[in-house]
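For the sequence shown, our numbering begins at 1 and goes up steadily by one.
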Amino acid sequence: MSESNVGGAAAKTVGERFRELYGAAPHGVWAAPGRVNLIGEHTDYNDGFVMPFALPHTAVAAVSRRDDGVLRLHSADVDAPVVELTADSLTPGTDKHWTAYPAGVVWALREAGHPVTGADIHLASTVPAGAGLSSSAALEVVVALALNDLYELGLRGWQLARLCQRAENVYVGAPVGIMDQTASACCESGHALFLDTRDLSQRQIPFDLAAEGMRLLVVDTQVEHSHSEGEYGKRRVGCEKGAALLGVDALRDVAHADLDEALARLGDEEEARRLVRHVVTENERVERVIALLESGDTRAIGPVLTAGHASLRDDFRVSCPELDLVVDTALASGALGARMTGGGFGGSAIVLTETTEAAAVTEAIRKTFTTAGFRTPRIFEAVPSAGARRLH
Ligand code: GAF
């Protein structure tokens, strides 16, 4: 089945459920994808570079506009009745449930002065939750896009991403960067998105591994990154401290060529040295991957991905035994490169492999997880897919 057929089927099902719940057909149906990040991890809150691409897995929303201030929310993925709120009583930090994501988007739009006066929303997502594949960003972006269309706000993808990030930072209370929301809003099929998170300038980089005889596998370790938020926030604060010690606005401002000098200036601030080293080398790895892809030397990105993992494991310290086992096993069974993707502490890894080796690598990872007594990982191929769009 083609991707557009899948979208069509999802739109129909979600639309039918909307009609059952709310008694009328939705004004429209939208989709927004999850993502994997090819390279550029924990750089987005340092004004650095990232390079995600969209997954075929999406959050789909059937939505109707309302002009009476009422916001009704329902999810096919949560066993709970419709939640009814009022748009002008939305308060940051008060909602600890899934509804905080769509409600946070309504709050952020209104706070920015956009006249959003309510909506009926039914959501259904195929993005695995808790797997580090941006299921939350997909929920936020699909709602933002639907409201942008229904209220004719005329906002561009990167503007929607900023509002979604604000929803997550302030309304939900998670101190995330801008990568996931921008990936969901702006990615294009067959491309990875090179994003400069300082000014949100972007470039679509053609990324068609199948045509070159390669595959990119996602290995969801099934370890939910449940304690990630506190640790994530600590890394963020640590990076800000490193930037302050070096007298720069953000670690992005430390050039790779000046890294040794910067590390020397940090003296015995061991934690800051490790964080700075990761961010500065990771930005350089993003630039190297782009150069390799643009010169057609795709296989050579493998070792750069693997070096990124080592840096996240040893310097940034956001990996875990399951992610390390994926990487080690993949490399030992012939993969070209592998790394954790997303925030870490669980979640998913990516593996770049020759098409001819993909089955053997998959089998080796499954086997070694069984031997280690870990949960069976979910392994699938990631094909660079479309960003957020209207389906209906
Ligand atoms: C999570 C965050 F949401 C992103 O903003 C980014 O910082 C990522 O972790 C790490 O690169 O996905």
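Yeah, the Cβ is synthetic: ideal placement off N, Cα and C, and Gly gets one too.
Simplified DSSP assignment, three categories, for residue i
{"i": "Leu155", "result": "coil"}
{"i": "Asp328", "result": "helix"}
{"i": "Gln181", "result": "helix"}
{"i": "Asp394", "result": "Missing from the structure shown is residue 394; the chain here goes from 1 to 392 and no further."}
{"i": "Trp394", "result": "Here the chain covers residues 1 to 392 and nothing more, so residue 394 does not appear."}
{"i": "Phe380", "result": "strand"}
{"i": "Ala174", "result": "coil"}
{"i": "Arg285", "result": "helix"}
{"i": "Asp297", "result": "coil"}
{"i": "Pro303", "result": "helix"}
{"i": "Leu147", "result": "helix"}
{"i": "Ala9", "result": "helix"}
{"i": "Glu41", "result": "coil"}
{"i": "Pro128", "result": "coil"}
{"i": "Pro92", "result": "coil"}
{"i": "Pro321", "result": "helix"}
{"i": "Glu111", "result": "helix"}
{"i": "Met1", "result": "For Met1, the predicted structure reports a pLDDT of 34, less than 50, and the residue's modelled location is therefore unreliable. A value from the coordinates is still provided. Here Met1 sits in coil by DSSP."}
{"i": "Phe49", "result": "strand"}
{"i": "Ser189", "result": "coil"}
{"i": "Gly28", "result": "strand"}
{"i": "His74", "result": "strand"}
{"i": "Phe207", "result": "coil"}
{"i": "Arg105", "result": "A small correction: the amino acid at residue 105 is Val; Arg does not occupy that position in the sequence shown. It is helical."}
Residue i beta carbon near the ligand GAF (any heavy atom closer than 7 Å)
{"i": "Asn283", "result": "no"}
{"i": "His42", "result": "yes"}
{"i": "Gly177", "result": "yes"}
{"i": "Gly296", "result": "no"}
{"i": "Tyr171", "result": "no"}
{"i": "Asp315", "result": "no"}
{"i": "Asp180", "result": "yes"}
{"i": "Tyr45", "result": "yes"}
{"i": "Ala37", "result": "Looking at the sequence shown, residue 37 is not Ala but Asn. Within the cutoff, so yes."}
{"i": "Gly431", "result": "Any answer about residue 431 is impossible in this case: the structure gives the chain only from 1 up to 392."}
Option nearest residue i by Cα separation, candidates the options
{"i": "Thr117", "options": "Ser135, Pro128, Arg66", "result": "Arg66"}
{"i": "Pro92", "options": "Asp324, Arg17, Glu269, Arg166", "result": "Arg166"}
{"i": "Leu266", "options": "Asp328, Cys239, Arg203", "result": "Cys239"}
{"i": "Lys96", "options": "Tyr171, His74, Asn37", "result": "Tyr171"}
{"i": "Glu224", "options": "Val237, Gly346, Val14", "result": "Gly346"}
{"i": "Gly23", "options": "Asp44, Ser64, Leu109, Trp30", "result": "Ser64"}
{"i": "Ile39", "options": "Ala59, Pro33, Gly48", "result": "Gly48"}
{"i": "Ala137", "options": "Cys320, Gly104, Ala358", "result": "Gly104"}
{"i": "Phe374", "options": "Gln222, Ile290, Glu363, Ala255", "result": "Gln222"}
{"i": "Pro128", "options": "Arg390, Arg35, Val318, Ala262", "result": "Arg35"}
{"i": "Gly344", "options": "Val318, Ala250, Thr356, Gln202", "result": "Val318"}
{"i": "Met397", "options": "Val383, Gly15, His392", "result": "This structure cannot speak to residue 397, because the chain is shown only from 1 to 392."}
{"i": "Met340", "options": "Ala76, Leu133, Ile121", "result": "Leu133"}
{"i": "Ala112", "options": "Val78, Cys164, Leu150, Asn37", "result": "Cys164"}
{"i": "Leu209", "options": "Ala62, Gly130, Glu381, Thr94", "result": "Glu381"}
{"i": "Leu391", "options": "Thr182, Ala62, Arg72, Glu16", "result": "Ala62"}
{"i": "His27", "options": "Phe53, Ala11, Thr86", "result": "Ala11"}
{"i": "Leu430", "options": "Glu231, Gly230, Arg277, Lys234", "result": "Because the chain in this structure spans residues 1 to 392, residue 430 falls outside the shown range and cannot be described."}
{"i": "Arg25", "options": "Val70, Val14, Arg156", "result": "Just to set this straight, residue 25 is Ala in the shown sequence, not Arg. Ranking Val70, Val14, Arg156 by Cα distance to Ala25 puts Val14 first."}
{"i": "Leu292", "options": "Gly230, Ala108, Ile205", "result": "Ile205"}
Continuous beta strand (DSSP E) stretch holding residue i: start and end
{"i": "Phe374", "result": "Run containing Phe374: none; DSSP gives neither H nor E here."}
{"i": "Ala62", "result": "52-65"}
{"i": "Ser125", "result": "119-125"}
{"i": "Arg198", "result": "That residue, Arg198, is in no beta strand (DSSP E); it is neither H nor E in DSSP."}
{"i": "Met259", "result": "For clarity, residue 259 is Leu in the given sequence; the question names Met instead. Per DSSP, Leu259 belongs to no beta strand (DSSP E); it is in the alpha helix (DSSP H), 259-265."}
{"i": "Gly337", "result": "337-341"}
{"i": "His256", "result": "Segment: none, His256 is in no beta strand (DSSP E) and carries neither H nor E."}
{"i": "Val351", "result": "348-354"}
{"i": "Val219", "result": "214-220"}
{"i": "Leu133", "result": "Premise fails: Leu133 is in no beta strand (DSSP E) and is neither H nor E."}
Cut-off 8 Å between Cβ atoms - residues of its own chain near residue i, not counting five sequence neighbours on either side
{"i": "Asn169", "result": "Pro175, Val176"}
{"i": "Thr370", "result": "Thr376"}
{"i": "Val286", "result": "Ile39, Gly40, Thr43, Gly48, Phe49, Val50, Met51, Phe194"}
{"i": "Ala360", "result": "Ser333, Gly334"}
{"i": "Tyr101", "result": "Ser136, Leu139, Glu140, Val143, Ala167, Glu168, Val172"}
{"i": "Thr362", "result": "Leu217, Ile379"}
Own chain partners of residue i with C-beta closer than 6 Å, once the 5 adjacent residues on each side are dropped
{"i": "Leu153", "result": "His114"}
{"i": "Leu200", "result": "Trp158"}
{"i": "Ala386", "result": "Ser189"}
{"i": "Glu284", "result": "His256"}
{"i": "Ala250", "result": "Asn46, Asp47, Ala243"}
{"i": "Glu357", "result": "Gly334"}
{"i": "Trp30", "result": "Ala61, Val142, Leu145, Ala146, Arg390"}
Beta-carbon contacts of residue i that lie in its chain and below 7 Å, excluding the five residues immediately before and after
{"i": "Ala372", "result": "Leu325"}
{"i": "Ile365", "result": "Val219, Val326, Thr329, Ala330, Pro377, Ile379"}
{"i": "Lys241", "result": "Ala272"}
{"i": "Glu20", "result": "none"}
{"i": "Ser4", "result": "Any reading at Ser4 must be qualified, since the residue scores a pLDDT of 39, below 50, and its modelled position is unreliable; no value is offered."}
Closer than 7 Å: residue i CB and nearest the ligand NAP heavy atom
{"i": "Leu331", "result": "Absence of the ligand NAP is noted for the structure shown, with the ligand GAF being the only ligands found."}
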